[in-house]
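Okay, structure first, notes after.
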Amino acid sequence: MNPIEIKEMYKSGKIEKHPYTHQMHQVHRTLFYFSELLGDTNISKIEIVDGMVLMTARDTGVTLVCDPNDERIAPIEILNLGDYEKKDSEMMVRLLESSKTLLDIGANYGWYSLNLSKRVLGLQVHAFEPIPKTFSYLKKNVELNKLDNIALHNFGFSSQEENKTFYFYPEGSGNASLPNYRDWETASNIVTGKQIG
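Heads up, the sequence shown is in numbering that gives the first Met the number 0, so the first residue is 0 and it goes up one at a time.
Below, the structure written as C-alpha cells:
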C-alpha cells in the first residue's frame, strides 16, 4: 500500500493514529536510505517539493525535474550506476573548447545541454526535442537552472520537411525513435521535422 492510500485510510477513520504513524514511518525510512545511497554517486541532493522530485548533479550543480514514470533519465541512472555517460561528457567538453555553438539534437530532458552550458564558457546551446511531454521537462529544467544561453526548439530534424510519427515508451523517454521497434506508444502528437540545410 502506498503512503497516499495509507493517509486516506487514516483520514477516513479506517485505521487509528498509532498504527497509521507506524506504517508511515516505515515509508519515511526510505528517505534515510537515499541519504546513504547518494554518497558514491554524482547526485549531491534530492529535493521533494510540491508535486516534484528534483535531483542535483554534484559536479555541475545542474538540477533536474524527475518524471516519476521514466526509469532511464539521467538522475535515476546516476542513482543506479554512480554517474551518467561521464566519458561522453568529458569528450564533448574537449571538443567544445574551441566552439561557441552546440546543437543538442534529441535533447531529451536536457542533461547535455544543461551540463555543457555550465562547463563551457560562452557556449550558446540550441536544444531540439520533438516529443511534447519530454520537451515540457526540458523547458522546466532550463527554467529551473536559470540558464539564458539555451534556446529551446520543439521539433526534430529530417533530410526533408515532413510530418513524422515518433514512438516511445514512458519508462524510457530517451529511446524515442521513428521506427516502432517494440510496439511502443505513439507520442501525443505528430511532430514536424525541419530540413537541415
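C-beta: ideal position from N, C-alpha, C; glycine also.
Nearest-angstrom Cβ-Cβ length linking Ile45 and Met51, presumed shorter than 8 Å: About 11 Å separates the two Cβ atoms, so there is no contact after all.
Residue range of the unbroken beta strand (DSSP E) whose run includes Asp103: 100–104
Identity of the residue in Ile5, Phe134, Lys163 nearest Leu151 by Cα: Phe134
So does Ile5 have its beta carbon nearer than 7 Å to some heavy atom of the ligand NAP? Only the bare structure without any ligand can be found here, which leaves the ligand NAP out of the picture.
Let's test the definition: count the other Cβ atoms within 10 Å of the Cβ of Leu137 and tell me whether it reaches 16, buried, or not, exposed. buried
Which residues share a DSSP beta bridge with Tyr123? For the record, residue 123 in the displayed sequence is Gln; it is not Tyr. Gln123 is bridged to Thr100.
Taking C-alpha atoms, which residue in Asn162, Asn79, Lys145, Leu113 lies nearest to Pro129? Asn162
Grouping DSSP H, G and I as helix and E and B as strand, with all else coil, what is Tyr166? strand
I need the boundaries of the alpha helix (DSSP H) containing Ser158, first residue and last residue. That residue, Ser158, is in no alpha helix (DSSP H); it is neither H nor E in DSSP.
Leu101 vs Val124 beta-carbon contact at 8 Å: yes
Rounded straight-line distance, which links the Cα of Ala126 to that of Gly196: Note that Gly196 scores a pLDDT of 36, beneath 50, so its modelled location is shaky; the value from the coordinates is reported in the next line. The straight-line gap from Cα to Cα measures roughly 17 Å.
Run of the alpha helix (DSSP H) containing Val141, from where it starts to where it stops: 131–143
For Arg71 and Ile42, what's the separation of their Cα atoms in angstroms? 15 Å
Nearest to Pro67 by CA position, among Lys85, Glu84, Ile47, is which residue? Ile47
How is Thr62 classed by DSSP in three states: helix, strand or coil? strand
Closest to Pro131 by C-alpha separation, out of Val92, Asn1, Asn153, Gly81, would be which residue? Asn153
Note down the Cα distance separating Leu37 from Lys85, rounded to an integer number of angstroms. 17 Å
Near Glu96, what residues of its chain come up, given a Cβ to Cβ distance below 8 Å and the 5 sequence neighbours on each side ignored? Val119
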